[in-house]
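Visitor: Structure below; questions to follow.
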Amino acid sequence: MDLLNLPAGVLCTLVGPPGSGKSTFAAHYPDSWRVCLDVYRRLATDSEADQSATPVAAEIQALLLDARLSRGLTTLVDSTNVFAHVRTSLIARARYWQRPAVAVLFDVPLPTVEAQNAGRERVVPLRIVREHHQLLPDADQLQREGFTAVHPISELLATPGAPRR
0 MDLLNLPAGV LCTLVGPPGS GKSTFAAHYP DSWRVCLDVY RRLATDSEAD
50 QSATPVAAEI QALLLDARLS RGLTTLVDST NVFAHVRTSL IARARYWQRP
100 AVAVLFDVPL PTVEAQNAGR ERVVPLRIVR EHHQLLPDAD QLQREGFTAV
150 HPISELLATP GAPRR
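The sequence shown begins at 0 in numbering that gives the first Met the number 0 and counts up by one.
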């Protein structure tokens, strides 16, 4: 189910803290569309949680982003993306390949995020969840950064027939 009606070749960046529902949302799209630092950390170290592998994971992600965007393939970036410099890099890459960049903002209340994180197979430390939730930009900030469209998850999930997290 494509709630966003994503155009071909778009870079869709999911923005939200751990436990906010990004990967569950991404699962509604073809697996080949998804790029995810957790997956690349796991492939490099056998652990999604091994943050020492993030530089290598970011290199893998960059290679895959270029490969997909250069071919005009729709791509979902399933990582927290709560840091502005990370989003700036993603927008620059989309612009380089002349592709639109949209964001899905996981504007989920902190108590919900904490509860969902607690129920995950890999629980992220609470201080990280809270820190990332505090760093969450608002839709206006994402627009100012250069995303061509911003879709708050709270609005998408209010749509009749929308998938539940």
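For glycine and all other residues, C-beta sits at the position ideal for the given N, C-alpha and C.
#1: Mapping DSSP to helix, strand and coil, what is Ala100?
#2: In the DSSP assignment, find the unbroken beta strand (DSSP E) run with His27 in it and report its ends.
#3: Is Leu75 helix, strand or coil by DSSP?
#4: Counting C-beta neighbours from all protein chains within 10 Å, is the total for Tyr95 16 or more, i.e. buried, or is it exposed?
#5: Please list the terminal residues of the continuous alpha helix (DSSP H) segment that includes Leu3.
#6: Going by DSSP in three states, Ala148 sits in which element: helix, strand or coil?
#7: Starting from the Cα of Ser153, find the closest Cα among Ala83, Lys21 and Ala93 and give me that residue.
#8: Residues in its own chain within less than 7 Å of Pro6 by CB, not counting five upstream and five downstream?
#9: Give me the Cα-Cα distance between Glu47 and Arg41, rounded to the nearest whole angstrom.
#10: Identify whether Val38 lies in helix, strand or coil by the three-state DSSP scheme.
#11: Who are the Cβ neighbours of Ala138 in its own chain at under 7 Å, not counting the five residues just before and after it?
#12: Closer than 8 Å to a non-hydrogen atom of the ligand MN - does that hold for the CB of Val38?
#13: Indicate whether Pro17 and Asn116 have their beta-carbon atoms separated by less than 9 Å.
#14: DSSP three-state label for Val123, please.
Guide: Answer, in terms of the structure:
#1: DSSP, read as helix, strand or coil, puts Ala100 in strand.
#2: Run containing His27: none; DSSP gives neither H nor E here.
#3: Looking at Leu75 - three-state DSSP - the assignment turns out to be strand.
#4: Taking every protein chain shown into account, the CB of Tyr95 has fewer than 16 other CB atoms within 10 angstroms, so this residue is exposed.
#5: That residue, Leu3, is in no alpha helix (DSSP H); it is neither H nor E in DSSP.
#6: In the displayed model, Ala148 falls within a strand according to three-state DSSP.
#7: Ranked by Cα distance from Ser153, the first of Ala83, Lys21 and Ala93 is Lys21.
#8: Beyond the five residues adjoining it in sequence on each side, Pro6 comes within less than 7 Å, by CB distance, of Pro99 in the same chain, given in chain order.
#9: Rounded to whole angstroms, the separation of the alpha carbons of Arg41 and Glu47 is 4 Å.
#10: In the three-state reduction of the DSSP assignment, Val38 falls in the helix class, which pools H, G and I.
#11: If we look at Ala138 and ignore the five residues flanking it on each side, its Cβ neighbours are Leu104, Val149 and Pro151.
#12: With respect to the ligand MN, the structure shown offers nothing to examine, as it has no ligands at all.
#13: Yes, the Cβ-Cβ distance between Pro17 and Asn116 is below 9 Å.
#14: Of the three classes helix, strand and coil, the one that applies to Val123 here is coil, per DSSP.
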